[in-house]
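Residue numbers (this note's numbering): 350 to 683.
These notes concern the structure reproduced below.
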Amino acid sequence: MRGWQTVKSGSPKDVLEFKTDLPEPAPREDTVLVEVLAAGMGLPDVFMCNGSYAMTPQLPFTQGQEVVGRVLGWGDAVKNRNVGDRVMAVTSFFTGNGSYAEQALALDDFCLPVPDGMTDAEGAAFLIPMHTAYLGLETRAKLQAGETLLVLGGAGGTGTAAVQIGKALGATVIATVAGSDKVEFCKGLGADHVIDRKQDDIAAAVMDLTGGRGADCVYDPVGGPAYTAASKCVAHEGRICLIGFASGQWGPVDPAHMVYQNYSVVGVIPSNYGRDYKEAVQETLLGWWREGKLSVRVEEMVPFDQLPDGLERLGASQVQGKLVLGVHADATAP
350 MRGWQTVKSG SPKDVLEFKT DLPEPAPRED TVLVEVLAAG MGLPDVFMCN
400 GSYAMTPQLP FTQGQEVVGR VLGWGDAVKN RNVGDRVMAV TSFFTGNGSY
450 AEQALALDDF CLPVPDGMTD AEGAAFLIPM HTAYLGLETR AKLQAGETLL
500 VLGGAGGTGT AAVQIGKALG ATVIATVAGS DKVEFCKGLG ADHVIDRKQD
550 DIAAAVMDLT GGRGADCVYD PVGGPAYTAA SKCVAHEGRI CLIGFASGQW
600 GPVDPAHMVY QNYSVVGVIP SNYGRDYKEA VQETLLGWWR EGKLSVRVEE
650 MVPFDQLPDG LERLGASQVQ GKLVLGVHAD ATAP
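Below you can see the structure in the form of structure tokens.
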């Protein structure tokens, strides 16, 4: 089997090796074996290369958290699967059986049909960003129509999902970006206001846009200084959703500041929710997708042999939306 392995710790171009003799993975009790068509690429893959991601497997391993593929088989506890079905899924990347290879293991409780009309590239970029944004905004933060949502990193993979889902829920959306080239991109997603953090102070701009009230909800996949700025402009009884640490650092949560300003900080990860919840969320998300309220922004389907270059671009914040790895020759582009 052909695929990529991370063989040591460092930058993607230094640690990823392309192999032609990898063993085919055997499905465990609760996993589905898929023939990989396309694989979503994300910053966690960059962090796994240098070992800074919490769920990094032992070396060597094949990474890749998101997949669209055809079902080949399944474990003993799996039911209601058919060989050949086209599915989108989150992989068992934490065991080293990710989607940057010709076959991968998908988690059965996060393995869902790809709808008609959705390309392989779109499906591979859908699950993690969209489900994370929905969980954070609707389930955890309970974002209401008419409230103001601040999305940090609005041009990134999960940021683009949060901007669109915020609008679908009826919020006024303020997005932050790093660079003027990303301002129009976020406006095209539906953001009401876009702040270029390289030009303007985030906290001051948000307070000005909200008439001094601040943002009712903050969606933070960035962490670091961006979180600190957001904590200065969150509204009374506001909510901050902790999603990730694209900056390389988690947001420095200050309990005393939370208490004195009366705002909440909530953690967000969809993987530990049950199948029924995920299927219900998927139904809602696909409904919005069919109505044109959501679109999957794939900047490029990267050729299979160019994975390291693609991850280097992600790590350098040179991507608007998502990158997808084209693993199979028949994978359909966005």
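Glycine is no exception: its CB is placed at the ideal position from the N, C-alpha and C atoms.
Rounded to whole angstroms, what is the Cα-Cα separation between residue i and residue j?
i                 : j                 : result
threonine 633     : glycine 433       : 25 Å
glutamine 669     : methionine 479    : 16 Å
methionine 397    : threonine 405     : 5 Å
alanine 388       : serine 448        : 6 Å
glycine 593       : asparagine 431    : 35 Å
glycine 519       : lysine 368        : 48 Å
glutamine 493     : glutamine 407     : 42 Å
valine 436        : glutamate 415     : 11 Å
aspartate 358     : proline 376       : Position check: residue 358 holds serine in this sequence, whereas aspartate was assumed. Taking the straight line from one Cα to the other gives about 27 Å.
valine 427        : glycine 445       : 20 Å
valine 364        : leucine 656       : 11 Å
glycine 508       : leucine 558       : 20 Å
valine 602        : threonine 681     : 42 Å
alanine 575       : glutamine 631     : 30 Å
aspartate 530     : alanine 665       : 15 Å
asparagine 429    : histidine 606     : 49 Å
proline 652       : phenylalanine 410 : 20 Å
glutamine 452     : glycine 466       : 24 Å
valine 532        : lysine 671        : 16 Å
threonine 577     : tyrosine 609      : 15 Å
glycine 675       : lysine 491        : 36 Å
phenylalanine 534 : leucine 486       : 21 Å
glycine 636       : tyrosine 626      : 16 Å
aspartate 654     : asparagine 399    : 20 Å
Considering just the uninterrupted stretch of the alpha helix (DSSP H) at residue i, what are its terminal residues?
i                 : result
tryptophan 638    : 624 to 640
alanine 473       : 469 to 473
isoleucine 592    : Isoleucine 592 -> no alpha helix (DSSP H), and no H or E assigned at all.
lysine 516        : 506 to 517
valine 526        : Note, valine 526: premise wrong, no alpha helix (DSSP H); beta strand (DSSP E) at 521 to 526.
aspartate 658     : 656 to 664
lysine 581        : Neither: lysine 581 is in no alpha helix (DSSP H) and is coded neither H nor E.
lysine 362        : 361 to 364
aspartate 394     : 392 to 398
alanine 426       : Neither: alanine 426 is in no alpha helix (DSSP H) and is coded neither H nor E.
phenylalanine 534 : 532 to 538
threonine 481     : 476 to 483
Do residue j and residue i count as a contact pair if the criterion is CB distance below 8 Å?
i              : j              : result
valine 614     : leucine 501    : no
glutamate 378  : methionine 350 : no
valine 420     : histidine 677  : no
valine 381     : tryptophan 423 : yes
threonine 497  : proline 683    : no
aspartate 394  : glycine 623    : no
cysteine 582   : glycine 560    : no
isoleucine 514 : valine 555     : no
leucine 476    : valine 439     : yes
leucine 461    : proline 619    : no
glutamate 661  : serine 401     : no
alanine 482    : alanine 510    : yes
Rounded to the nearest angstrom, how far is the Cβ of residue i from that of residue j, given a contact under 8 Å?
i              : j              : result
arginine 489   : valine 567     : The Cβ separation is near 12 Å, so there is no contact.
valine 526     : valine 543     : 6 Å
glycine 505    : alanine 595    : 6 Å
valine 383     : glycine 418    : 3 Å
alanine 579    : isoleucine 551 : 7 Å
methionine 390 : valine 645     : Wrong, their Cβ atoms sit about 13 Å apart, outside the cutoff.
leucine 663    : leucine 392    : 6 Å
threonine 521  : aspartate 541  : 5 Å
glycine 528    : lysine 547     : 6 Å
glutamate 586  : asparagine 611 : 6 Å
alanine 450    : leucine 371    : 6 Å
Would you mind sorting residue i into buried or exposed? The rule is 16 or more other CB atoms within 10 Å of its CB.
i             : result
glutamine 412 : buried
glutamate 471 : buried
glutamate 648 : buried
aspartate 569 : buried
proline 604   : exposed
arginine 639  : exposed
alanine 553   : exposed
glycine 641   : exposed
aspartate 565 : buried
lysine 516    : buried
glycine 600   : buried
glycine 503   : buried
With respect to the beta strand (DSSP E) encompassing residue i, which residues constitute its N-terminal and C-terminal limits?
i             : result
glycine 616   : 613 to 616
glutamine 452 : 452 to 462
alanine 553   : No beta strand (DSSP E) holds alanine 553; the alpha helix (DSSP H) holding it covers 551 to 558.
alanine 564   : 564 to 569
glutamine 354 : 352 to 355
valine 439    : 435 to 440
Is any beta-carbon of chain B found at less than 8 Å from that of residue i?
i              : result
asparagine 431 : Going by chain labels, chain B is absent from the structure shown, which holds only one protein chain.
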